[in-house]
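K.L.:
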Amino acid sequence: MGYRTLRHCLTDLRSTGQLVSVEAPIDAHLEAAAIQRRLFRAGGPAVLMENVRGCAFPMVCNLFGTMDRVRYMFRDTLEGLRQLVSLQADPADLLRHPRLYLKTPWPAWNARPRRVRRGAVLANETTLDQLPQLRSWPDDGGSYVTLPQVYTEDPDQPGLDHSNLGMYRVQLCGGQYEPNREAGMHYQLHRGIGVHHAKAIRRGERLPVHVFVGGPPAMSVAAVMPLPEGMSELTFAGVLGGRRVPMICRKGQLPIHAEADFCISGYLDPDTVKPEGPFGDHLGYYSLAHDFPVLKVQRVAHRDDAVWPFTVVGRPPQEDTMFGELIHELVGPVLDKKVPGVRAVHAVDAAGVHPLLLALGSERYVPYEKRCRPRELLTQANAILGQGQLSLAKYLFIAAAEDAPDLGVANIPEFLRHVLERSDWRRDLHFQTCTTIDTLDYSGTGLNQGSKLVVAATGPQVRNLAVAIDSRVHVPEERGFTDPRVFLPGILVVSGPKYRPDSTGADAAVGHFCQSYKRGDAINGFPLIVVVDDSAFAASNLENFLWTTFTRSNPAADIYGIESFEHQKHWGCLGSLVIDARSKPHHAPPLIEDPAVTRRVNELAARGGPFHGLW
Numbered sequence: 026m027g028y029r030t031l032r033h034c035l036t037d038l039r040s041t042g043q044l045v046s047v048e049a050p051i052d053a054h055l056e057a058a059a060i061q062r063r064l065f066r067a068g069g070p071a072v073l074m075e076n077v078r079g080c081a082f083p084m085v086c087n088l089f090g091t092m093d094r095v096r097y098m099f100r101d102t103l104e105g106l107r108q109l110v111s112l113q114a115d116p117a118d119l120l121r122h123p124r125l126y127l128k129t130p131w132p133a134w135n136a137r138p139r140r141v142r143r144g145a146v147l148a149n150e151t152t153l154d155q156l157p158q159l160r161s162w163p164d165d166g167g168s169y170v171t172l173p174q175v176y177t178e179d180p181d182q183p184g185l186d187h188s189n190l191g192m193y194r195v196q197l198c199g200g201q202y203e204p205n206r207e208a209g210m211h212y213q214l215h216r217g218i219g220v221h222h223a224k225a226i227r228r229g230e231r232l233p234v235h236v237f238v239g240g241p242p243a244m245s246v247a248a249v250m251p252l253p254e255g256m257s258e259l260t261f262a263g264v265l266g267g268r269r270v271p272m273i274c275r276k277g278q279l280p281i282h283a284e285a286d287f288c289i290s291g292y293l294d295p296d297t298v299k300p301e302g303p304f305g306d307h308l309g310y311y312s313l314a315h316d317f318p319v320l321k322v323q324r325v326a327h328r329d330d331a332v333w334p335f336t337v338v339g340r341p342p343q344e345d346t347m348f349g350e351l352i353h354e355l356v357g358p359v360l361d362k363k364v365p366g367v368r369a370v371h372a373v374d375a376a377g378v379h380p381l382l383l384a385l386g387s388e389r390y391v392p393y394e395k396r397c398r399p400r401e402l403l404t405q406a407n408a409i410l411g412q413g414q415l416s417l418a419k420y421l422f423i424a425a426a427e428d429a430p431d432l433g434v435a436n437i438p439e440f441l442r443h444v445l446e447r448s449d450w451r452r453d454l455h456f457q458t459c460t461t462i463d464t465l466d467y468s469g470t471g472l473n474q475g476s477k478l479v480v481a482a483t484g485p486q487v488r489n490l491a492v493a494i495d496s497r498v499h500v501p502e503e504r505g506f507t508d509p510r511v512f513l514p515g516i517l518v519v520s521g522p523k524y525r526p527d528s529t530g531a532d533a534a535v536g537h538f539c540q541s542y543k544r545g546d547a548i549n550g551f552p553l554i555v556v557v558d559d560s561a562f563a564a565s566n567l568e569n570f571l572w573t574t575f576t577r578s579n580p581a582a583d584i585y586g587i588e589s590f591e592h593q594k595h596w597g598c599l600g601s602l603v604i605d606a607r608s609k610p611h612h613a614p615p616l617i618e619d620p621a622v623t624r625r626v627n628e629l630a631a632r633g634g635p636f637h638g639l640w
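Under the numbering used here, think of the first position of the sequence shown as 26, with each following residue one higher.
(1) Just grab the DSSP bridge partners of Leu385 for me.
(2) Quick check: what's the CA-CA separation for Phe82 versus Ile218?
(3) One question on the structure: do Cys86 and Ala57 come within less than 8 Å of each other, judged by their Cβ atoms?
(4) Report the rounded CA-to-CA distance for Glu301 versus Gly530, giving the unit in angstroms.
(5) With distances taken from CA atoms, which of Asp306, Glu503, Trp450 and Gly69 is nearest His537?
(6) Please tell me whether Val15 and Val236 are closer than 8 Å, where the distance is taken between their beta carbons.
(7) Are Ala384 and Ile409 closer than 8 Å when you measure CB to CB?
(8) The alpha helix (DSSP H) that contains Asn569, what's its start and end?
(9) In terms of residue numbering, what span does the beta strand (DSSP E) encompassing His592 cover?
(10) Can you check the stretch 138 to 190 for any beta strand (DSSP E) of at least 3 residues that lies completely inside it and give the ranges in chain order?
(11) Give the secondary structure of Ile494 by DSSP, where H, G and I count as helix, E and B as strand, and everything else as coil.
(12) Does the stretch 481 to 499 touch the stretch 459 to 468, meaning 3 or more C-beta pairs lie closer than 8 Å?
(13) Is the CB-CB distance between Phe575 and Tyr420 below 8 Å?
(14) Terminal residues of the continuous alpha helix (DSSP H) containing Val264?
(15) What would DSSP say about Glu56, mapped onto helix, strand or coil?
(16) Are the beta-carbon atoms belonging to Gln343 and Phe65 less than 8 Å from one another?
(17) Quick one, are the C-beta atoms of Glu388 and Thr458 less than 8 Å apart?
(18) When you measure from the CB of Val246 to every non-hydrogen atom of the ligand HEM, does any distance come out below 7 Å?
(19) Between Glu178 and Val325, is the Cβ-Cβ spacing less than 8 Å?
(20) Could you check what DSSP says for Tyr524 in three-state terms: helix, strand or coil?
(21) Indicate the three-state DSSP secondary structure (helix, strand or coil) for Ser601 in the structure shown.
(22) What separation, rounded to the nearest whole angstrom, lies between the Cα atoms of Val603 and Arg624?
(23) Among Phe287, Leu313 and Val364, which one has its Cα closest to the Cα of Phe335?
(24) List the endpoints of the continuous alpha helix (DSSP H) containing Asp583.
(25) Kindly indicate the opening and closing residues of the beta strand (DSSP E) around His315.
(26) Would you list the residues sitting across from Ala225 in a DSSP beta bridge?
(27) What did DSSP end up calling Lys477 once you bin it into helix, strand or coil?
(28) So, at 7 Å on beta carbons, what are the nonlocal neighbours of His95 in its own chain, with the 5 sequence-adjacent residues on each side left out?
(29) Check whether the Cβ atoms of Cys34 and Met92 lie closer than 8 Å to each other.
(30) Which of helix, strand or coil does DSSP assign to Gly559?
(31) Once DSSP output is grouped into helix, strand and coil, what is the label at Ile548?
(32) Going by Cα to Cα distance, which pick from Ile226, Val220 and Met192 is closest to Met210?
(33) In terms of DSSP beta bridges, what is Gln457 paired with?
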């Protein structure tokens, strides 16, 4: 059976060598986060920091640091959960394969939250300033809860069945927040709390909120899951955790998770907003200060022997990458039941998840005709971009699975090769402009504002991809373009001049670059050219290329082409497609670790130090 409490989980991990306790004093200001980053990169154990400077509560990190540990923690429940998710997507599957679901009633029982009158989480009270003041990056606007479970209910239909449990950013101090009385509540597009908050505002009411921290790990995973329509997070947590979730239910009060380690209780006013941030975020940059709702704090409760779990948000891969892999394992296999014809979708973690999707679809509209252009793929692409958080994607590359039965979306170099061999830039580029993108993506025209590009590829190979630069390939060095490097077959990365906007905010340099060539020039052997600030960095490995290219470009503004044209409002080009992925003045600054903290953490890992051998 699953864990009842976080301490139960930590005891189990320690007994199997997957958790190490450290008694040396650790600072929650930058130091703890730097330690977590190194532990994750090394595939290290979870670490319980027993002695946090200036704080009575221990902290634990890297709980979800490896997929092996994630699967271990949920070893008794994952299969039952997969079956329930499959049934939720397609209930008729039970009739087709009844034997596969013989054990389903037991997980279904755990799916029902359990109403209780009291719970350990209410044993003690404290204040926000006594909680661990975790800051992950030097320019963070304050301390944050990085593994919160934010609980709300539908104001129109209150109750456990109409609740939302989400992982939204909670700023504990800093900025304009009143100490110990206010906290920041940053939620983004397509989040359940937004629906509840909108209803409360319409009714002119406060929205009651609980922020749970800790408790069994299943609750943290439930808070990040994009669940099928109609499945609640408490249901998911019960099935994944192997136990019914105990909720303290008292008349006139918002229910509280009885086994959480901490509970911050309060409400969102209908009208109150204050600047939240900056904060180092999952695209690898700071999300800047913007107005977001304010949590008016009424009570901070905690259990005896409470432990504060935390993670670090930053340029991927980070620990939240493991959440993404688990989501893919659970939800990926049922996607084709929601979007007919779609075989697989991969949100590319190294590109920041939302900026880039790779997908495999099907071309079945005219099976009697030799396929030469996308048809059904475009229908499927639109459907993918209509699915919850997938709608925040900027780039979607979709290919027909029939053209290469062994092609997989996880093999990114091979997938890009396949698409570049088949795409026709005159026809296969489909833009959406003036639309929504990730709140944390600053490559667009404003907060939540940007564009999208669908690249659809089907049919036989239409070109051979260049794999090396020969004497016929040159770049206009007189215009500041230097150091061309082949990254993958058909992909050329070029250093460009520093971005210098004119009075309209645009920079014509990449447009001039394209005008230096004609469709017959040898450089077109590279159908994709990416202009960056530093080609040596961007072309050094796959992670750098994906991160640079797709977090620093907004399709409608930053895509150019050799001999480009517009016909009936469709844009295309006769030669290479060119992406301007240089840093621009409106972009957020990248995340850089404090050198002094780096030195201190390196000393902690030296021979004789408390972290020696852990990374």
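In this text, a Cβ means the ideal position worked out from N, Cα and C, and glycines have one as well.
No experiment lies behind these values; they were computed from the predicted model shown.
P.N.:
The answer reads as follows:
(1) In the DSSP output, where bridge partners are listed per residue, Leu385 has Ala369 and Ala424.
(2) Those two C-alpha atoms are separated by around 29 Å.
(3) Yes, the pair counts as a contact, with Cβ atoms nearer than the cut-off.
(4) Between the alpha carbons of Glu301 and Gly530 lies a distance of about 27 Å.
(5) Comparing Cα positions, the closest option is Glu503.
(6) Nothing about residue 15 can be read from this structure; the chain reaches only from 26 to 640.
(7) Yes, the Cβ-Cβ distance between Ala384 and Ile409 is below 8 Å.
(8) Taken as a continuous stretch (DSSP letters only), the alpha helix (DSSP H) holding Asn569 covers Leu567 to Thr576.
(9) Unbroken beta strand (DSSP E) run through His592: Ser589 to His592.
(10) Secondary structure in the stretch 138 to 190: the beta strand (DSSP E) runs of 3 residues or longer, each lying completely within the stretch, are 139 to 141, 149 to 151 and 173 to 178 in chain order.
(11) It is coil, neither helix nor strand.
(12) With the cut-off at 8 Å, the stretch 459 to 468 and the stretch 481 to 499 do not touch.
(13) Yes, they are a contact pair.
(14) Membership of Val264 in the alpha helix (DSSP H) is indicated by the continuous run Glu258 to Gly266.
(15) Residue state for Glu56 is assigned as helix, using DSSP reduced to three classes.
(16) The Cβ-Cβ distance between Gln343 and Phe65 falls below 8 Å.
(17) For Glu388 and Thr458, no; Cβs fall outside 8 Å.
(18) Looking for the ligand HEM in the displayed structure turns up nothing, as the structure carries no ligands at all.
(19) Contact flag unset, no.
(20) Coil.
(21) In the three-state reduction of the DSSP assignment, Ser601 falls in the coil class, being assigned neither a helical nor a strand state.
(22) Computed Cα separation, rounded: 40 Å.
(23) Comparing Cα positions, the closest option is Phe287.
(24) Element bounds for Asp583: Pro580 to Asp583.
(25) Taken as a continuous stretch (DSSP letters only), the beta strand (DSSP E) holding His315 covers His315 to His327.
(26) BP columns for Ala225 are empty, so no partner.
(27) In this structure, Lys477 counts as strand in the three-state DSSP scheme.
(28) The question names His, but residue 95 in the sequence shown is Val. Only Phe89, Met347 and Leu351 meet the Cβ criterion.
(29) Contact: no.
(30) Position check: residue 559 holds Asp in this sequence, whereas Gly was assumed. In this structure, Asp559 counts as coil in the three-state DSSP scheme.
(31) In the structure shown, Ile548 adopts helical secondary structure according to DSSP, grouped into three states.
(32) Nearest of Ile226, Val220 and Met192 to Met210, Cα basis: Met192.
(33) Lys477, per the DSSP bridge assignment.
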